[in-house]
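Beneath this line is the structure, given in structure tokens, with notes to follow.
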Amino acid sequence: MMPLVEVRNLKKYFPVKGLLRVKGYVKAVDGVSFNIERGTTLGLVGESGSGKTTVGKLILRLLEPTSGSVYYDGKDVFKLKGKELKEFRRKAQMVFQDPYSSLNPRMTVFQIIMEPVKVHKIKVSDPESFVVKLLYRVGLNETHLYRYPHEFSGGQRQRIAIARVLALRPEFIVLDEPTSALDVSVQAQILELLKDLQRDFNLTYLFISHDLGVVRYMSDYIAVMYLGKIVEYGPAEEVFEKPLHPYTQALFSAIPIPDPVETRRRKRIKVSGEPPSPINPPPGCRFHPRCPITKDVCRREEPKLEEVESGHYVACWLAR
Amino acid sequence: MAICEPIIEVRNLKVNFYTYAGIVKAIDGVSFKICRGETYCLVGETGCGKSVTARALTKLIRPPGRIEGGEVIYYSDEGPINLLELNEEELRKIRGAEIAYVFQDPTSALDPLYTVGYQIAETMYEHGRVSKIKEGILRAVEVLRNVLMPDPEKRVHSYPHELSGGMRQRSVIGIGLSNKPKLLIADEPTTALDATVQAQLMDLLMDLKRRENLTILLITHNLGLVAEVCDRVAVMYAGNIVEEAPVEELFRNPLHPYTKALLRAVPNPRKKSVRLESIPGTVPNLINPPPGCRFHPRCPRVMDICRSKKPPELWRGDDHRVACWLYE
Ligand SMILES: Nc1ncnc2c1ncn2[C@@H]1O[C@H](COP(=O)(O)OP(=O)(O)OP(=O)(O)O)[C@@H](O)[C@H]1O
Ligand SMILES: Nc1ncnc2c1ncn2[C@@H]1O[C@H](COP(=O)(O)OP(=O)(O)OP(=O)(O)O)[C@@H](O)[C@H]1O
Ligand SMILES: [Mg+2]
Ligand SMILES: [Mg+2]
Chain W
2 MMPLVEVRNL
12 KKYFPVKGLL
22 RVKGYVKAVD
32 GVSFNIERGT
42 TLGLVGESGS
52 GKTTVGKLIL
62 RLLEPTSGSV
72 YYDGKDVFKL
82 KGKELKEFRR
92 KAQMVFQDPY
102 SSLNPRMTVF
112 QIIMEPVKVH
122 KIKVSDPESF
132 VVKLLYRVGL
142 NETHLYRYPH
152 EFSGGQRQRI
162 AIARVLALRP
172 EFIVLDEPTS
182 ALDVSVQAQI
192 LELLKDLQRD
202 FNLTYLFISH
212 DLGVVRYMSD
222 YIAVMYLGKI
232 VEYGPAEEVF
242 EKPLHPYTQA
252 LFSAIPIPDP
262 VETRRRKRIK
272 VSGEPPSPIN
282 PPPGCRFHPR
292 CPITKDVCRR
302 EEPKLEEVES
312 GHYVACWLAR
Chain L
50 MAICEPIIEV
60 RNLKVNFYTY
70 AGIVKAIDGV
80 SFKICRGETY
90 CLVGETGCGK
100 SVTARALTKL
110 IRPPGRIEGG
120 EVIYYSDEGP
130 INLLELNEEE
140 LRKIRGAEIA
150 YVFQDPTSAL
160 DPLYTVGYQI
170 AETMYEHGRV
180 SKIKEGILRA
190 VEVLRNVLMP
200 DPEKRVHSYP
210 HELSGGMRQR
220 SVIGIGLSNK
230 PKLLIADEPT
240 TALDATVQAQ
250 LMDLLMDLKR
260 RENLTILLIT
270 HNLGLVAEVC
280 DRVAVMYAGN
290 IVEEAPVEEL
300 FRNPLHPYTK
310 ALLRAVPNPR
320 KKSVRLESIP
330 GTVPNLINPP
340 PGCRFHPRCP
350 RVMDICRSKK
360 PPELWRGDDH
370 RVACWLYE
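Protein chains in written order, with the numbering used here: chain W, 2 to 321; chain L, 50 to 377.
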């Protein structure tokens, strides 16, 4: 089966402007490739600034890449034009972290949900009942129709944002930290909702988060990013049970487990220092200055992402 | 369990905020004590009152907020004192020298106009630990070394914006510890940082705790962190402590329906969960909090009495207490 999304050697460099000229580039995404199968969730994890949001925006063509390509349903996204581009803009959507800033404070819930429907000229015979149906789908109801965003809690606002996206009958949704502004009890509600919707509409998700518990709960596949690169990719359960890249191991072992006996017993792989700047990434393997098992080759040559076990890819000289 | 020698004891603390919309009853009779040498955790969701409680301990509540009742007994070397009865000048001596704070956002805790070394020196100077700022800056190198700052001789001359988030928070911890406090109140000290940096900083805090003989009050909403570092835990909900127990007991045998639900709502990164339990509804507004038990509108086991009467504190064993009518 053809994957719904294919990302090939994607790069995005942001210029760093000096007083007179460009001083350098932030290599936010620096040669990333992966697939997402229809109806599945790919969890994208990695620390702040590793390029997760940039990858999400590139796939949706909310940013133009420096190089590389994205194929959606077999078609090159960056070459889409006219009707096909409009259709792509409807089918592929994004939900952001902050449910407040992504909703227009001067619009009612009804207007918020109908606006993109109008933009995409989707025919709706009875707008009010159309919106009410969507509200029920996300756990709200008709009493919320004519209220404004500030009258809702964070979790309710995220439901409104999801209803707005659903109104377009999307196939693919980039969820960028959709619950990290929410409390755990509300987070659980939204995660359950997202899972139900995926099952009912065969949705495909790119789920970006730094919360590994949430990612494990949601994902079928995992990609781990470090400084603009994917260092590990594979089936979620396999990567969680048997992480192979030293960065993945360090990241996983850094996260406390909500169980006092288990968390104090676990083996920690400690790394020193903090992620370096993506403007001047270290030569060779980008993780080598912090890696507990660095060898000479790691300083000289960059390891490629290679399949070490069926479906499980790692970019590390020592993990093969 | 070792015998508890209290360092601070909070009794029936009440804090209100007088806003245009009405009176926010933010802290509604909170009591707890912290034993010398332990890590005591306050855990709970946004707005439940963790930070206000922490700040109220040394009267760091600004208008429109007001402490409306209670006592905060601090067991100093000279004997117990009720901090809420001290004036601002007396409290300034306690803050920093006896009780120090580290807040979530290291950026706002540092002054962008001064070097880190100067800011450490200034705190020491204010508390009379050095007689000149210059001497303080020399001593600041040691303070930074103590918090494992890389290259402390150089970093002492750095401005906050020249440091990474992790290094800034190290500096803040350094400043907090520069006067050798006995109680460190850390309010979400690592929340704004990356996972691997968070782990490094928590290791540092726990290491400092042992080396400097500190007692820590840790405030967090992260149950993983609670499980990892705390000795005893208090769970807060809407301005009340609903349950308190030693950490293993709390996770193994939670009693309050809110604690139970909270523990089941957190996805565990170590195993694949099939379904998460969510708590229906949302946190109540504290201007018109629900009568009786503040959790009753969301509680799966609500009874009649919960709607009208606030549950008393009930003890299950020596060290496990719960505020819930189910255990009456
Ligand atoms: N529009 C932009 N202009 C310049 N630099 C940018 C821009 N957008 C992102 N960057 C930089 O690109 C890098 C990757 O950013 P990105 O937002 O993709 O990271 P992320 O993994 O989503 O991080 P976080 O977890 O903090 O959201 C960062 O160094 C960031 O500062
Ligand atoms: N200046 C203020 N004016 C009005 N209400 C306030 C003010 N400061 C705090 N509150 C209220 O007091 C309650 C407790 O707030 P507090 O900051 O202690 O929460 P918290 O548990 O620390 O939450 P978080 O996890 O978000 O930091 C909240 O309901 C909040 O709305
Ligand atoms: Mg991001
Ligand atoms: Mg707080």
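Glycine residues also receive a C-beta, built at the ideal position from the N, C-alpha and C atoms.
N- and C-terminal bounds of the alpha helix (DSSP H) containing residue i
i         : result
Gln112(W) : Val110 to Val120
Gly225(L) : Gly214 to Leu226
Asp74(W)  : Note, Asp74(W): premise wrong, no alpha helix (DSSP H); not H, not E.
Lys169(L) : One point to set straight first is that residue 169(L) is Ile, not Lys, in the sequence displayed. Val165 to Glu175 is the extent of the alpha helix (DSSP H) around Ile169(L).
Asp252(L) : Ala244 to Glu261
Ile354(L) : Asp353 to Ser357
Tyr147(W) : Segment: none, Tyr147(W) is in no alpha helix (DSSP H) and carries neither H nor E.
Glu191(L) : Ile182 to Asn195
Residue i CB to nearest heavy atom of ligand 1 below 8 Å
i         : result
Ile209(W) : yes
Bridge partner(s) assigned by DSSP for residue i
i         : result
Trp364(L) : Arg370(L)
Thr269(L) : Val92(L)
Asn65(L)  : Lys74(L) and Arg115(L)
Cys84(L)  : Pro55(L)
Met2(W)   : DSSP output for Met2(W) lists no bridge partner at all.
Ala224(W) : Leu45(W) and Tyr234(W)
Phe153(W) : Phe153(W) is not bridged to any residue.
Gly128(L) : Ser125(L)
Arg104(L) : Arg104(L) pairs with nothing; no bridge assigned.
Val282(L) : Cys90(L) and Ala294(L)
Lys12(W)  : Asp31(W) and Ser68(W)
Phe208(W) : Gly44(W) and Leu176(W)
Arg60(L)  : Glu120(L)
Gly25(W)  : Val17(W)
Rounded straight-line distance, which links the Cα of residue j to that of residue i
i         : j         : result
Lys359(L) : Asp280(L) : 28 Å
Val179(L) : Pro100(W) : 49 Å
Gly44(W)  : Pro257(W) : 19 Å
Tyr286(L) : Leu304(L) : 14 Å
Arg158(W) : Ala168(W) : 15 Å
Asn228(L) : Arg144(L) : 10 Å
Leu86(W)  : Tyr314(W) : 32 Å
Cys97(L)  : Gly288(L) : 5 Å
Val234(L) : Val315(L) : The question names Val, but residue 234(L) in the sequence shown is Ile. Distance between the alpha carbons of Ile234(L) and Val315(L): 25 Å.
Leu61(W)  : Val96(W)  : 12 Å
Phe131(W) : Val332(L) : 30 Å
Gln188(W) : Pro329(L) : 11 Å
Arg160(W) : Val17(W)  : 37 Å
Val126(L) : Glu147(L) : Rather than Val, the amino acid found at residue 126(L) in this sequence is Asp. For Asp126(L) and Glu147(L), the distance between alpha carbons rounds to 10 Å.
Lys82(L)  : Arg91(W)  : 57 Å
Arg60(L)  : Val296(L) : 22 Å
Asp200(L) : Ala182(W) : 35 Å
Boundaries of the beta strand (DSSP E) in which residue i is found, first to last residue
i         : result
Met95(W)  : Ala93 to Val96
Pro306(L) : Per DSSP, Pro306(L) belongs to no beta strand (DSSP E); it is in the alpha helix (DSSP H), Pro306 to Ala314.
Ile60(W)  : Run containing Ile60(W): none in the beta strand (DSSP E); it sits in the alpha helix (DSSP H), Lys53 to Ile60.
Asp236(L) : Leu232 to Asp236
Phe173(W) : Phe173 to Asp177
Ala149(L) : Ile148 to Val151
Val309(W) : Glu307 to Glu310
beta-carbon residue i near ligand 3 non-hydrogen atom, thresh 8 Å
i         : result
Glu58(L)  : no
Asp177(W) : yes
Closer than 8 Å: residue i CB and nearest ligand 2 heavy atom
i         : result
Phe66(L)  : yes
Val79(L)  : no
Cys299(W) : no
Leu335(L) : yes
His151(W) : no
Ala75(L)  : yes
Contact test: residue i Cβ vs ligand 4 heavy atom, cutoff 8 Å
i         : result
Gln218(L) : no
Glu307(W) : no
Ser100(L) : yes
Gln153(L) : yes
Ile123(W) : no
Ile113(W) : no
Glu94(L)  : no
Asp236(L) : yes
Taking 6 Å as the limit, tell me which residues put their C-beta closer than that to any heavy atom of ligand 1, in chain order. Phe15(W), Val27(W), Ala29(W), Gly47(W), Ser49(W), Gly50(W), Ser51(W), Gly52(W), Lys53(W), Thr54(W), Thr55(W), His211(W) and Pro279(W)
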